[in-house]
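Q: Residue numbers (our numbering): 35 to 646.
The structure that follows is given in the form of structure tokens.
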């Protein structure tokens, strides 16, 4: 018997089974092909005596095949799509936590095949068109965990979000259909629509928002590896999709390729009904770049989570560009904002975003780990997203950060997203990532990395951009300005093209670059610098250690109390009213020395002496 998803897709075909449903690379799958592949994989799983309702691990490369395989498994089992590029230890961790009953593997995924064979799992191997090549019964017999409690799930999606801990989201047919129908109705999808899907099929954005919603509306999915912009543009020019969907970083790469000569042709641009951005914040700079390159279709910022089977909030099709930092209105869901006492807050006030609707999961898979807390509001079906946000007076939702990524800088709570929005508002900024680093007194301090579309020479390391810090002092409260802002050649991204906050943060904190910025490497040179070291900062920091002229004193250990003490001592010794924010704005002794010498020259004084 067909599963709900496939049966609904078949019913929507209305006899047009010869229509192309999914394309990727040089492969074209008709709706009839999806049904045929489903039938053959169902027979293969039945031949292996795989228990119904159990979890089937699916391994495949980027492209459209993954969605086809997941759809085929959904007849009587739950597909667990595995991200490409997983290390062996990560695969073993997943297998240790989740009781999968079999593997469905595309032949290029040799590492996954070796592990499945070594562990004696039942295996079905397919080629890049979904044809079954061979199957192996296997000797390992695993009953699904909590088998008697498992309902008829269609998907099991691994996710960690910002916590770093693995969580597994079971999604039912009802969840998926609710989210997909929300997308169809909100964007008015029809059989004439062709979706450019730049996301992988192991992510709900690519699998549900792009693929299942398009198939359920009898359209065509044009799959492209968003990590290869030149190839994506070739596919766009050939197929002329009517709507695009991806994360901001993938659009940035396409625009960069377009500007460098691999142009999206005019007819392809004119074919676009709307451009959808989701799974990461839409920046003002990306909107400006798209408009500058004559992409005038509506740019739609959407909001969704793995736990909600993708979309639950979106801008309407004709929202003005100035609303693009908002994620719009609820779609097939109820959304509220609550405070720390679980009370609903009024419009304009920030709090935690909570969601209720048919697309929301029942709960995380029970994998007996203490790291996962109840994700629902007590005695209710309201899902706690962990996202901070607010509604404006027009009812538009704004996501302002993640509570788990909120930086506790002393007594202040700082949202990285607020800083990132301020930085990416600049035309020359491409990507921006803000995160915390340890601070001996404050607990946490703030670092900002960004990439630019300008040409910089990174052969001697990253560019310490204090001019951007000074700009932010005019845009943000002082306690929100990062202690250091670095222009870097690239920022690490994960396999779906989202900026990898956790790994970037960990690598930066353990890097020589961070140590050099924090501690410096050069001794004081001028009389003014020696004065600052000996008479100001050693006294304020209460240290006998040599303080380097290029050390970032904010990261080094200075907090507002220490800085104000140093500032008051400077005024007392030099008998001059310097700008109160001097030491906050210029955190190194070499910068401070330049400012002091400049002031001395302006007021006609002599150079400061260490003997003062």
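By construction, the Cβ of each residue, glycine as well, lies at the ideal position given by its N, Cα and C atoms.
No experiment lies behind these values; they were computed from the predicted model shown.
Can you tell which of 515, 152, 523 has the C-alpha that lies nearest to the C-alpha of residue 497?
A: With distances taken between Cα atoms, residue 497 lies closest to 523.
Q: Using DSSP with H/G/I as helix, E/B as strand and the rest coil, what is residue 498?
A: strand
Q: Using 8 Å as the limit for Cβ to Cβ distance, is residue 241 near chain C?
A: Considering every chain present, this structure includes no chain C. It has just one protein chain.
Q: In or out: residue 294 buried (at least 16 other Cβ within 10 Å) or exposed?
A: So residue 294 ends up on the exposed side.
Q: I'd like to confirm the pairing. Which residues does DSSP put opposite residue 90 in its beta bridges?
A: 113, 136
Q: With a CB to CB cut of under 7 Å and the five nearest residues on each side skipped, what residues in its chain are close to residue 62?
A: Once the five neighbours on either side are set aside, the close Cβ partners of residue 62 are 54.
Q: Can you tell me the Cα-Cα spacing of residue 676 and residue 622, whole angstroms?
A: Since the displayed the chain opens at 35 and closes at 646, residue 676 lies outside it and no answer follows.
Q: Just the Cα atoms here: how many angstroms apart are residue 554 and residue 229?
A: 51 Å
Q: Rounded C-beta distance between residue 391 and residue 212? I'm assuming under 8 Å.
A: 7 Å
Q: Grab the span of the alpha helix (DSSP H) containing residue 292 for me, first residue to last.
A: 282 to 293
Q: Give the straight-line distance between the Cα atoms of residue 78 and residue 190, rounded to the nearest whole angstrom.
A: When rounded, the distance between both Cα atoms is 20 Å.
Q: As a quick exercise: from 450, 73, 502, pick the residue whose alpha carbon is nearest that of residue 480.
A: It is 450 whose Cα lies nearest to the Cα of residue 480.
Q: May I have a chain-ordered list of the beta strand (DSSP E) segments no shorter than 3 residues that lie completely inside the segment 220 to 289?
A: 228 to 231, 254 to 257, 277 to 280
Q: Quick one: residues in its chain with C-beta nearer than 7 Å to the C-beta of residue 462, no 5 flanking neighbours on either side, listed in chain order?
A: 486, 487, 488
Q: On the three-state DSSP scale, how would you describe residue 1?
A: Only positions 35 to 646 of the chain appear in this structure, which leaves residue 1 out of reach.
Q: What does a CB cutoff of less than 7 Å around residue 618 pick up in its chain, not counting 5 residues either side in sequence?
A: Once the five neighbours on either side are set aside, the close Cβ partners of residue 618 are 512, 597.
Q: Would you call residue 306 buried or exposed, if buried means 16 or more other Cβ atoms sit within 10 Å of its Cβ?
A: buried
Q: Can the beta-carbon of residue 602 be found closer than 8 Å to that of residue 444?
A: Contact: no.
Q: Among residues of its own chain, excluding the 5 on either side of residue 427, which ones have a beta-carbon nearer than 8 Å to its beta-carbon?
A: Within the same chain, residue 427 has close Cβ partners 381, 382.
Q: Does residue 647 come out as helix, strand or coil in the three-state DSSP assignment?
A: It is not possible to answer for residue 647, since the shown part of the chain is limited to 35 through 646.
Q: Please report the distance separating the alpha-carbon of residue 473 from that of residue 439.
A: 16 Å
Q: Classify residue 215 as helix, strand or coil using the three-state DSSP reduction.
A: Helix.
Q: Helix, strand or coil for residue 559, going by three-state DSSP, please let me know.
A: coil
Q: For a quick check, are the C-beta atoms of residue 344 and residue 361 less than 8 Å apart?
A: no
Q: Using the Cα positions of residue 367 and residue 217, report the straight-line distance between them to the nearest angstrom.
A: 12 Å
Q: When the Cα atoms are used, what is the spatial distance from residue 556 to residue 123?
A: 42 Å
Q: State buried or exposed for residue 552, treating a residue as buried only when at least 16 other CB atoms are found within 10 Å of its CB.
A: buried
Q: So, is residue 330 buried or exposed, given that buried needs 16 or more other C-beta atoms within 10 angstroms?
A: exposed
Q: Pull the bridge partners of residue 469 from the DSSP assignment, please.
A: 481
Q: When you compare only the Cα positions, how much space is there between residue 326 and residue 319?
A: 10 Å
Q: Identify whether residue 513 lies in helix, strand or coil by the three-state DSSP scheme.
A: helix
Q: DSSP three-state call for residue 524: helix, strand or coil?
A: coil
Q: Suppose contacts are defined by Cβ-Cβ distances below 8 Å. Is residue 257 in contact with residue 98 by that definition?
A: yes
Q: Threshold first: 3 residues or longer. Then list the beta strand (DSSP E) segments lying entirely within the segment 420 to 456, N to C.
A: 431 to 436, 441 to 443, 446 to 448
Q: Just tell me which of 292, 457, 66 has its CA closest to the CA of residue 44.
A: 66
Q: For the 8 Å Cβ check, are there 3 or more pairs between the segment 126 to 138 and the segment 223 to 237?
A: no
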